[in-house]
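Notes follow once the structure below has been shown.
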Amino acid sequence: MTSQHQVTAPGSSAARAAATDRGDRTSRLRRHGPLLGTAVAVLAVLAAVVAVVGVGHRPAGMDRRVQDVATTLKCPSCNGESVAASNAPIAQSMRVEIRHQLGQGRSPDQIRSWFEQRYGSDVVTLPSPRGAEVLLWVLPGLVLCGGAALAWGMVRRRGRMRGSRPTGAAALPGKRVAVAAGACLAVGALVPAVVWARTGAGQADQAAGAAAPATASPNRPLSADGWAKVGTSLESQHDYSGAARAYRHALSLEPRSAALRVRLGFDLLRAGRPRDAVPVVRALSQHKSAERPLALLVLGLAQRSEHDPAANHTLRAFLKVAPNHPAATQVRRLLAKDG
Amino acid sequence: MASWLGTFALALAFCAALAGTGLWARAAVTGAPAPGRWTGLAPLSGAALAVGVAEWALLTHDFSLRFVAENGSLSTPVYYTVTSLWAAHDGSLLLWVLILTGYLAVVAARRSGTAALHGWATTVLFATTAFFSGLALFTGGVFDALSPAPSNGPGPNPLLSDHPAMGVHPPLLYTGLLGMAVPFAFAVAALISGQVGRSWVEVVRPYLLFAWTALTAGIVVGAWWSYAVLGWGGYWAWDPVENASLMPWLVATALVHSVMVQRRRGALPAWNIALAVGAFLLACLGSFLTRSGVVGSVHAFADSAVGPVLLGFLAALAVGVAVLVLMRSDRLGSSRHVGKVLSRGTAILANNLLLVTLAATVLIGTLFPLFAQWGGGPEVSVGPPYFDKMAVPVALLLLVMMAVGPMLAWRGDDPASVVRRRLLPVTVGAVVVAVVALLAPTGVAALLTFGLAAVVVTGVLTDALGRVRRTRRLERRRLAGLLAHLGVAVLLVGVAASSSYSSVREQTLHPGDSVTLAGHTARLVSVGRSRDARAMSTDARLRLTHGSGPAMTVSPGLSFYPAQTMTVARPAVVSRLSGDLYVTLLSVDGDRAATVRMAVNPLVGWIWAGGGLMVAGSLTALAGRRRRRRPVAPPPEPARPEPAVLETARG
Amino acid sequence: MTARKTVAAIAGLLVVAVAVLVLGSAMGDTGHARSPLQGHKAPALSGTTLAGRHYQLKLRPGKATVVNIWASWCGPCREELPLLVHTLDRWSGRGVRLVTIDTKDGPVAARTLLQEVKAKDLLAVQDPQGQLAVSWGATGVPETVVLDEQGVVRARWLGQVSTDWLDRQLRRWAPA
């Protein structure tokens, strides 16, 4: 089946052409009528089926409903995963809680606001239609409408050419290119400068250090945290002198960390260097702190290996401060042996 | 020694890139003959040497290198030692530079396009290479030396040393993202040289297709890897880093289509330039989001200090191109007509509109929490619910375009003819919808997806058969397009089915207990513990049965890595054509109780199959291109008679 | 370039500059997340204690409350418990009580730990599925929350608590 259409040429034949066009159109309609009718009918039936089945469809089953609510919540301590997807213990607990509340008959919105009260507004990933979040729905709409208008304009513009035709390849003069390149470099240098001035390189370091990432910290010599990790890994391989070296590095970066100090002491002790362990933990053992019991333990055991008479005194101090410590029974046995 | 050699290699790459920029810029401005091909090889050899030194250090466990001390370990298997180069930010930057210099070498060596176009494009690429190699040299600490070298290290992040995709996904992704630099470079060259017509588009097409192939493959492999490892079958979480790779892909797909319009009709020159620039800018934005730590993501590198510098680079590119466009606006205004309302050109324009809108939406959603945070308001999260809501209508409309667009004529089609040719596919689609609605009712979006996908598939097949019958052969390019569209339809069916029909159940089991889901039963046999050099693992052995079929044993587990104090889940996935059974071990209580999560994900495999088809399609297009050598000179000035063209009918 | 184009150019560059600066500033922000419950009435706390009795947290005039969330499998919790008990012993005469939530734990392991730290009589409400912890907005263990005598949440500490911090908070919120 063919169809022909002529573009009307300017001139007196316009009227004749227009009439032929109209006649063509009606005959076309008559020819294709049944075809178009079938198409419309098929689509109408399809739309009806989709509407009846699809719109009324609600996910059944508690499991599915829990997942649907969980997808709209963010796990608060798992790097952006949703509660539905995360395997973290807290996400599991949250799913149990969601199931419990759904069972009580609360609506998903109520459950979301319950979590929002406890974890803050950023635990809900479904943007609410209030406040600035309206932009999330409005802006894409604007983009679509603007783009559609542009596109329609381009399609409708039947062959009209705006502006001048490109007359051969006229390259930009070198000076102009230099201007563009200069603008590039200026902006490229300005932006980092501004950001660093505002935040201060020190603060950036602090933030990075505080984040304590699981992977190593980049762009600086190994951080205290990194060295501590090396130490732990060496300990697990029973390389205590290597671990002690690692903890020394860590301490040099974070001299005030009592925890690192105690670990260093432990490793020195286990590496068979009690004499080195003593000065490391001595100061710690004298002041009240969370690490004092362990420091006393290390000090006491180190002094014992050195046959230092102060050992028993230290160990007894340990027992006084931490009578329920896992190592306490062994220490008692040691002291009992000495009489 | 390794430290010195590696730093030297990076410095070589950086200096060669700087020198190359200067040489090629001078040649382009003065019109002198282009510098030799070796200029492109110099940065490449520097980058290759740097990567080689880093890998050698990793493989020989040279802990005197800071990077190896932080990411290497004596107990990591060889494969993961090699891949640990890109497990951390610094090393991945080396891989980035290597791939970029690879592209640079190829572009510098192949004299494609006019001298001006090629010259400026190579200059831009050299400048980009100079930036990134400078970044690696000055901010990257891969080759820093450590004075007392430790005897061992913690090894790479356990999530990144658990699955073979680690060796495939990042290189593919980087190849795809960096490949966008070539169209970008040529677009800028077109602006500078004034040759905004067909020539730059012709030259760019093979690079664009190659990069698109790599990017598609990279994203699909990444989704498959996420699915296999992160638990519960989440192959796409609209995570900021995932979005960062999707946005360039969307724009690149738009560009792949719209270059056809410029080739056939000479239309949309400014639009193509905008797309080419946009794709690369989005790729750089993605790099910034991943490396700067502004967004929390399970895929992001830990907070690194290159954030402001990358942001500056992005701003510099944007401003530079804006200035160029303004200088050239007179030239870009003129364009030819896209086509009539019902023509291939208009369909492609509509396709572009949809893709770009989706890319803009993803961008808005990804950046919104950042802006909200700065604005001082309450902290906002934008997650899957939003993105899914926005993406679904666009995907459906894209299916509609795919059903109708490829068979429209460039000159225009008449509606009745279109309806006639699509009557069969639409009927098939309607039947599919009816059948699915009756047998497995689900929501509107999924039903429409199945129906439209059926229309697309039927349409693709009838078009192919019709063409073969008429012309006795199928053009490679047409076959490529058909395969790619088929792939998209199959992928969307997989996505719709796995999100509509999937079911999940969590339960705590004691040995002997079982949990049933969708006809599958899992019975806990035993809970075991094991230990190796790297991790302490717990496994739950489960016996799976499905109706009367054969039984199967799986052992999902949890591994705790003391060196990084991280627990990684190892789910058990049983894949079949009809779907996957996915079992995750959530927690263990002593040796007696195990909490498992069982999920049934129908038709998930179709997602990977669809991705494979898309890649196959674009590979077909790439392969076909080599045979047709088009002339390199710019096309003669258009002498087409306007507009009184007698349009002949389609048979 | 025409005047209009120049204006357009400047406008465009300004937009880019603003966007970049905004993003850059957002990069510098580290911002502490305040506990969303702060200043509000404490959530409900009821359940079966490790000792087997039922317990419900009720407002007690003249008594501030310290709520601690712990688990026997959590290392820092084990280290923190004796310290906590010791500190609260000091304050018990001054109108402060300690209530703990033992979350996602087995009763046997929990009771064993309490024996070890000689805190057998510690009031520990069992929370096997973690629902209580979630209800209190916990993101991990250990966590400590300080309530004033009206039952309003006043302070929260994530991680192992120190005597210094506890003393400071109790000095502020314990009844005079």
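Residue numbers (our numbering), protein chains in the order written: chain A, 1 to 339; chain B, 1001 to 1651; chain C, 2001 to 2176.
Using N, Cα and C, we set each Cβ at its ideal position, and we do this for glycine too.
Everything numeric in this text was worked out from a predicted model, so none of it was measured.
Nearest residue (CA-CA) to residue i, options the options
| i | options | result |
| --- | --- | --- |
| V1600 (chain B) | B:R1570, B:V1527, B:T1521, B:A1540 | B:T1521 |
| S2162 (chain C) | C:A2042, C:T2048, C:P2082 | C:P2082 |
| L1160 (chain B) | B:G1072, B:F1210, B:L1255 | B:G1072 |
| A91 (chain A) | C:Q2150, C:R2154, C:Q2129, C:E2149 | C:Q2129 |
| V1404 (chain B) | B:F1387, B:L1354, B:I1348, B:G1590 | B:I1348 |
| Y1235 (chain B) | A:D239, A:A84, A:A336 | A:A84 |
| V2066 (chain C) | C:Y2055, C:R2078, C:H2086, C:V2096 | C:V2096 |
| A271 (chain A) | A:Q303, A:V280, A:E235, A:L294 | A:E235 |
| G174 (chain A) | B:A1185, B:T1462, B:T1030, B:A1274 | B:T1030 |
| V1444 (chain B) | A:G242, A:V55, A:A47 | A:V55 |
| R156 (chain A) | B:L1332, B:Q1262, B:V1097, B:V1341 | B:V1341 |
| V1204 (chain B) | B:V1053, B:F1186, B:G1052, B:R1420 | B:F1186 |
| L2059 (chain C) | C:W2070, C:V2085, C:S2046 | C:S2046 |
| V1201 (chain B) | B:A1252, B:R1263, B:L1250, B:G1141 | B:R1263 |
| A1017 (chain B) | B:P1043, B:S1003, B:F1138 | B:P1043 |
| V2152 (chain C) | C:I2069, C:P2076, C:W2070, C:L2057 | C:L2057 |
| P2061 (chain C) | C:H2040, C:R2094, C:R2053 | C:R2094 |
| S1500 (chain B) | A:L43, A:V52, A:R65, A:A41 | A:R65 |
| S1084 (chain B) | B:A1116, B:G1155, B:W1038 | B:G1155 |
| P1150 (chain B) | A:L46, A:A243, A:E306 | A:A243 |
| A2051 (chain C) | C:K2120, C:L2132, C:R2078 | C:K2120 |
Beta-carbon separation (whole angstroms), residue i vs residue j, contact threshold 8 Å
| i | j | result |
| --- | --- | --- |
| L1585 (chain B) | L1544 (chain B) | Their Cβ separation, rounded to whole angstroms, is 14 Å, which puts L1585 (chain B) and L1544 (chain B) out of contact at 8 Å. |
| G1113 (chain B) | W1024 (chain B) | So it is not a contact: roughly 14 Å between Cβ atoms. |
| S1258 (chain B) | N1272 (chain B) | 6 Å |
Neighbour-count burial assignment, residue i, 16 or more Cβ in a 10 Å radius
| i | result |
| --- | --- |
| L1465 (chain B) | exposed |
| V1195 (chain B) | In the sequence on display, residue 1195 (chain B) carries Gln and not Val. Buried, because 16 or more other Cβ atoms sit within 10 Å of the Cβ of Q1195 (chain B). |
| Y1079 (chain B) | exposed |
| L1577 (chain B) | exposed |
| L1324 (chain B) | buried |
| A1395 (chain B) | buried |
| R1320 (chain B) | It should be pointed out that residue 1320 (chain B) corresponds to Gly in this sequence rather than to Arg. With 16 or more Cβ atoms within 10 Å of its Cβ, G1320 (chain B) is classed as buried. |
| K288 (chain A) | exposed |
| C145 (chain A) | exposed |
| V1490 (chain B) | buried |
| R256 (chain A) | exposed |
| P986 (chain B) | Because chain B in this structure spans residues 1001 to 1651, residue 986 (chain B) falls outside the shown range and cannot be described. |
| H313 (chain A) | exposed |
Straight-line gap, residue i to residue j (C-alpha atoms, nearest Å)
| i | j | result |
| --- | --- | --- |
| R1629 (chain B) | V1338 (chain B) | Reliability fails at R1629 (chain B), whose pLDDT of 49 lies under 50, so the model's placement of it is uncertain and the value that follows must be treated cautiously. Rounded to whole angstroms, R1629 (chain B) to V1338 (chain B) spans 26 Å at the Cα level. |
| L1059 (chain B) | A1013 (chain B) | 23 Å |
| A1677 (chain B) | V49 (chain A) | Only positions 1001 to 1651 of chain B appear in this structure, which leaves residue 1677 (chain B) out of reach. |
| L1363 (chain B) | V1106 (chain B) | 32 Å |
| D2164 (chain C) | P2043 (chain C) | 26 Å |
| Y1207 (chain B) | A1621 (chain B) | 12 Å |
| T1122 (chain B) | G182 (chain A) | 18 Å |
| S1287 (chain B) | V1294 (chain B) | 12 Å |
| L1483 (chain B) | S1092 (chain B) | 33 Å |
| V1604 (chain B) | S1514 (chain B) | 25 Å |
| Q203 (chain A) | E1379 (chain B) | Caution is warranted here: a pLDDT of 47 is assigned to Q203 (chain A), below 50, making its placement in the model unreliable, and the coordinate value is therefore given only provisionally. So the two alpha carbons sit approximately 21 Å from each other. |
| V1426 (chain B) | W1606 (chain B) | 22 Å |
Where the beta strand (DSSP E) through residue i begins and ends
| i | result |
| --- | --- |
| V2146 (chain C) | 2143-2147 |
| V1514 (chain B) | Strictly speaking, residue 1514 (chain B) in this sequence is Ser, with Val absent from that position. 1514-1517 is the span of the beta strand (DSSP E), which, as asked, contains S1514 (chain B). |
| T1567 (chain B) | 1566-1570 |
| E1506 (chain B) | 1503-1509 |
Segment limits, alpha helix (DSSP H) that includes residue i
| i | result |
| --- | --- |
| P1240 (chain B) | 1240-1265 |
| H1163 (chain B) | It is not in any alpha helix (DSSP H) - H1163 (chain B) carries neither H nor E in the DSSP assignment. |
| F1143 (chain B) | Neither: F1143 (chain B) is in no alpha helix (DSSP H) and is coded neither H nor E. |
| Y1386 (chain B) | 1384-1404 |
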